[in-house]
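As you go down the protein sequences, you meet chains A and B in turn. If you count the first sequence from 1, you need to add 125 to reach my numbering. If you count the second sequence from 1, you need to add 125 to reach my numbering. The C-beta atom is built at its ideal place from N, Cα and C for all residues, glycine as well. Since we're looking at a predicted model, the values are computed, not measured. As structure tokens, the structure follows; a few thoughts come after it.
Protein chains: 2
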Amino acid sequence: MTDYELHPQLAADTVSVCAWPLCEVLLLTDANYPWLVLVPARPDLRDFHDLSPDDMVTAGREISRASEALMELFEPDKINVAALGNMVPQLHIHIVARHTHDAAWPNPIWGVAPPLSYASDALGTRLTDLRRAFG
Amino acid sequence: MTDYELHPQLAADTVSVCAWPLCEVLLLTDANYPWLVLVPARPDLRDFHDLSPDDMVTAGREISRASEALMELFEPDKINVAALGNMVPQLHIHIVARHTHDAAWPNPIWGVAPPLSYASDALGTRLTDLRRAFG
């Protein structure tokens, strides 16, 4: 058992939006998609079923809260939720707003379109919008 | 509001393993991967956050139960859990046992390897093993 620390690859690929009771809320810096990553701030988690029963209840609530904010802000056609972790072993939950006109539709997003950088003002605006939507 | 009915595409791609308090438990008939699909037996669900709070708690429990059975039976390197639904709009949750030697590793499984049919005896054995592991 070690203390919780965000995996360096996740730290490199994201910016912090806020912290919730269970999860760090991160924005993945790929402007192709409104793409959040929730990371439960608990040590030594790999798979979704490694969460304690109480933390799993909180995770469900936080997944909903993130999804509903993406719905409100981006009016997507679908929300994709996934805990894969084949590349980065620390448990992290992708929550992605998908549109039928996006770069990967109808496929999953991973490995399809090259990551697209945010313009710095667009990144700032997105963070502000997300934090406001989270209330 | 209509009654719950399994989407015909999911019915075509799977065989039934059993029914739990919330979800139908299905085996996706692609022998490349041990691949379960959980479908909450509620009408008119599309996204994970459409589940009621109570059903979400049950969903977490059933995702864990399915994941732990896959761990026990197949000793995978990783469990992938995902609710995507870009192709089939009815809420369904993929739970896939991943191995570092499987056909898609380390990528997500969707759209990588052509589906591989189960031999009929292998399919029967797999269903028996799953039902036994579910207790």
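| Item | Value |
| --- | --- |
| Beta-carbon spacing of Leu241 of chain A, Asp155 of chain A below 7 Å | yes |
| Residue-level contact to chain B via CB, Asp254 of chain A, 7 Å cutoff | no |
| Best match in A:Leu209, A:Asn205, A:Met212 for proximity to Gly210 of chain B [C-alpha to C-alpha] | A:Asn205 |
| C-alpha distance - Ala166 of chain B paired with Cys148 of chain B, whole-angstrom precision | 5 Å |
| Per-residue contacts from Glu193 of chain A into chain B (C-beta, under 7 Å) | His174 |
| Contact with chain A by Ser177 of chain B, beta-carbon distance below 7 Å | no |
| For Val142 of chain A and Arg223 of chain B, the rounded distance between their alpha carbons | 31 Å |
| Continuous alpha helix (DSSP H) assignments of at least 4 residues falling wholly in the region 163-238 of chain B | 178-199 |
| Beta-carbon proximity list for Asp128 of chain B, same chain, < 7 Å, skipping 5 on both sides | Pro168 |
| Per-residue burial, Ser177 of chain B [other beta carbons within 10 Å of its own, 16 or more giving buried] | exposed |
| Spatial distance of Pro239 of chain B from Gly249 of chain A (CA atoms) | 42 Å |
| Below-7 Å beta-carbon distance, Pro240 of chain A vs any chain B residue | no |
| Beta-bridge partners of Glu130 of chain B, as assigned by DSSP | Answer by DSSP bridge pairing: none, since Glu130 of chain B is not bridged. |
| Alpha carbon of Met179 of chain A to alpha carbon of Ala144 of chain B, nearest angstrom | Note on residue identity: the sequence assigns Asp, not Met, to residue 179 of chain A. Approximately 24 Å between the Cα atoms of the pair. |
| Beta-carbon spacing of Leu170 of chain B, Ala191 of chain B below 7 Å | no |
| Selection of the region 203-223 of chain A by Cβ proximity to chain B, strictly under 7 Å | Lys203, Ile204, Asn205, Val206, Ala207, Ala208, Leu209, Gly210, Asn211, Met212, Arg223 |
| Alpha-carbon spacing of Asp172 of chain B relative to Val140 of chain B, whole angstroms | 23 Å |
| Closer than 8 Å at the beta carbon, the chain B residues around Asn232 of chain A | Asn211, Trp235, Gly236 |
| Beta-carbon contacts of Glu187 of chain B that lie in its chain and below 7 Å, excluding the five residues immediately before and after | Trp145, Leu147, Cys148, Leu163 |
| Local Cβ density within 10 Å of Asp246 of chain A, reported as buried at 16 or more and exposed below that | exposed |
| Neighbour list for Val182 of chain A in chain B, Cβ cutoff strictly below 7 Å | Val182, Gly185 |
| Beta-bridge partners of Val140 of chain A, as assigned by DSSP | A:Leu152 |
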